[in-house]
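Peer 1:
Put into structure tokens, the structure is as follows:
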């Protein structure tokens, strides 16, 4: 630590001090002007909340069936620049649903589509599910601290060839990407 | 109960997954035989059940229009860095409120041609095998991917604007990577009315990445401001883009901008 040199008068009582003004010496005191630099390293990050699943209540295989609106939220977004964006996309893990009975006709992944929902601080894009690529659902606006929707509606296309009731299921991956050079 | 049975299946859907994750792309200027370590962190929200995640390294690329992302096996691309990356652990259970850490080690081989190599770190939620879904439905799992970019040797950054198109609500800038490494690129569009020296509107061009394979070309999309700020008319549009080189690249063209008319309610 650096020390500053300060000349001060040593004295006892005022009367004595004033009488001995020439009795001065130099002492070394700590320099209270020192500063400590505190640095905080903040990583690029976000909080992600996606639904666990959606159900299609199929009562007419000859007509399209919408699911209830889903909610997706990305918040606490911290990115390196104001021009970087987070992208949310979807890909099916298989080409078709798993039918309740082996070999039974069921829906293809591409029978599932979604709307261009209204997002807060993001641009939503309508699309169709694929098991070959992640198709964009929304791209958060540059500089957005959060982006979300409560109105993402998935729809299952009609499939008149389906003959078995029960659980037809498909696993689909939500991808949150922040890939950029 | 009758009331529950009558309720639609979606009303019984389980609660979704929520977590916080680091999303930092890993960018390394490396020498052959250099070993670099980094960390990825994920924290489940406190109200979540314990969830398993699996980490892997993949090749990654985008369609030329930027609308689709593709993930492939390591080594699918010639400039993949995936074979150089090891992860620990590759699978673990995240407990609510606790941080899960995945360590990456990038070991650059001894003899590599100069250029940019890239891959992606992907963290996938492992589906719960005991979770049952009745009826027709979709089971979602979450996945997070961040980029790993390794520059080896002499890097030549070069890019060119191929085309500039302006629609009623967005602008498209088509670009080509003419260097030997992926480049991040962003910038702005300036719209000048006829004879004006100051722009009527300046639009941010969000950051994108131009790769060197499987395609050298890519597209940046910029959303136009509302017609109140940029009305229909004839403009000189100037694109000014920064791709990390010592200079910017630009393009300019005259356009007739036609904004979408506001919907008129039926009377």
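Protein chains in written order, with my numbering: chain D, 99 to 279; chain P, 11 to 277.
Beta carbons are placed, not taken as given, at the ideal position from N, Cα and C, and that holds for glycine.
#1: Exposed or buried, which one is residue 45/P when buried takes at least 16 other CB atoms within 10 Å?
#2: Kindly list, in the order they appear in chain P, the residues whose Cβ is closer than 7 Å to that of residue 261/D.
#3: Look up residue 246/D in the DSSP assignment and say whether it is helix, strand or coil.
#4: Report the CB separation of residue 216/P from residue 240/D in whole angstroms; it is logged as a contact under 8 Å.
#5: Ignore the nearest five residues each way along the sequence and tell me which others in residue 161/D's own chain have a CB closer than 6 Å to its CB.
#6: What are the residues of the segment 185-197 of chain P that lie near chain D, defined by any Cβ-Cβ distance shorter than 7 Å?
#7: With C-beta atoms as the reference, is residue 106/P less than 8 Å away from residue 141/P?
#8: Under 7 Å Cβ-Cβ, which residues of chain P neighbour residue 196/D?
#9: For residue 268/D, which of 194/P, 211/P and 145/P has the nearest alpha-carbon?
#10: Name the residues in the segment 168-181 of chain D whose C-beta lies less than 7 Å from a C-beta of chain P; which are they?
#11: Which value, in whole angstroms, describes the spacing of the CA atoms of residue 42/P and residue 153/D?
#12: Quick one: grab the DSSP three-state call for residue 227/P.
#13: Considering only the beta carbon of each residue, do residue 220/P and residue 195/P sit closer than 8 Å?
#14: Go ahead and pull the three-state DSSP assignment for residue 79/P.
#15: Could you list which residues in chain D have their beta carbon closer than 7 Å to that of residue 233/P, in chain order?
#16: Please list, in chain order, the chain P residues whose beta carbon lies closer than 7 Å to that of residue 141/D.
#17: Which residue's Cα is closest to the Cα of residue 259/D: 238/D, 228/D and 202/D?
#18: List the DSSP bridge partners of residue 182/D.
#19: With a threshold of 8 Å between beta-carbons, can residue 229/D be considered close to chain P, or not?
#20: Taking residue 49/P as part of the beta strand (DSSP E), name the residues at either end of that continuous run.
#21: Do residue 228/D and residue 208/D have their beta-carbon atoms positioned less than 8 Å apart in this structure?
#22: To the nearest angstrom, how far is the alpha carbon of residue 151/P from that of residue 182/D?
#23: Could you compute how far the alpha carbon of residue 28/P sits from the alpha carbon of residue 223/P?
#24: Alpha carbon to alpha carbon, how far is residue 69/P from residue 87/P? Give it in angstroms, no decimals.
#25: What residues in its chain sit with their C-beta under 6 Å from that of residue 36/P, if we drop five residues either side in the sequence?
#26: Whose CA, out of 226/D, 235/D and 210/D, lies closest to the CA of residue 220/D?
#27: Tell me the DSSP bridge mates of residue 246/P?
#28: Cβ-heavy atom distance between residue 94/P and the ligand ADP below 7 Å?
#29: Nearest chain P C-beta to residue 164/D closer than 8 Å, yes or no?
#30: Could you tell me whether the Cβ of residue 234/D comes closer than 8 Å to any Cβ of chain P?
#31: Does DSSP put residue 217/D in a helix, in a strand, or in coil?
#32: Which stretch, first to last residue, makes up the beta strand (DSSP E) that contains residue 98/P?
#33: Just tell me which of 213/D, 172/D, 184/D and 196/D has its CA closest to the CA of residue 244/D.
#34: Is residue 149/D close to chain P? Criterion is C-beta to C-beta, closer than 8 Å.
#35: When we look at the beta-carbon of residue 127/D and count the other beta-carbons within 10 Å, is it buried (16 or more) or exposed?
Peer 2: Walking through what the data contain:
#1: exposed
#2: Those within 7 Å of residue 261/D in chain P number zero; the least Cβ separation is about 13 Å.
#3: strand
#4: 5 Å
#5: Cβ neighbours of residue 161/D beyond the five flanking positions: 256.
#6: 192, 193, 194 and 196
#7: no
#8: The premise fails here: residue 196/D is roughly 10 Å from chain P at the closest Cβ pair, so nothing lies under 7 Å.
#9: Looking at the Cα atoms, 145/P is the closest of the given residues.
#10: 174, 179 and 181
#11: So the two alpha carbons sit approximately 52 Å from each other.
#12: strand
#13: Yes, the pair counts as a contact, with Cβ atoms nearer than the cut-off.
#14: Residue 79/P falls in the strand class under three-state DSSP.
#15: Contacts between residue 233/P and chain D, judged by CB atoms closer than 7 Å, involve 221 in chain order.
#16: The contacting residues are 32 and 34.
#17: 202/D
#18: DSSP lists no partner for residue 182/D.
#19: no
#20: 45-54
#21: Yes, the Cβ-Cβ distance between residue 208/D and residue 228/D is below 8 Å.
#22: Approximately 25 Å, taken between the alpha carbons.
#23: Rounded to whole angstroms, residue 28/P to residue 223/P spans 34 Å at the Cα level.
#24: 7 Å
#25: These residues qualify, in order along the chain: 48 and 158.
#26: 235/D
#27: 202/P and 264/P
#28: Ligands displayed in this structure: none; no statement on the ligand ADP is therefore possible.
#29: So, not an interface residue.
#30: yes
#31: In this structure, residue 217/D counts as coil in the three-state DSSP scheme.
#32: 95-98
#33: 172/D
#34: yes
#35: Looking at its Cβ environment, which holds fewer than 16 other Cβ atoms inside 10 Å, residue 127/D is exposed.
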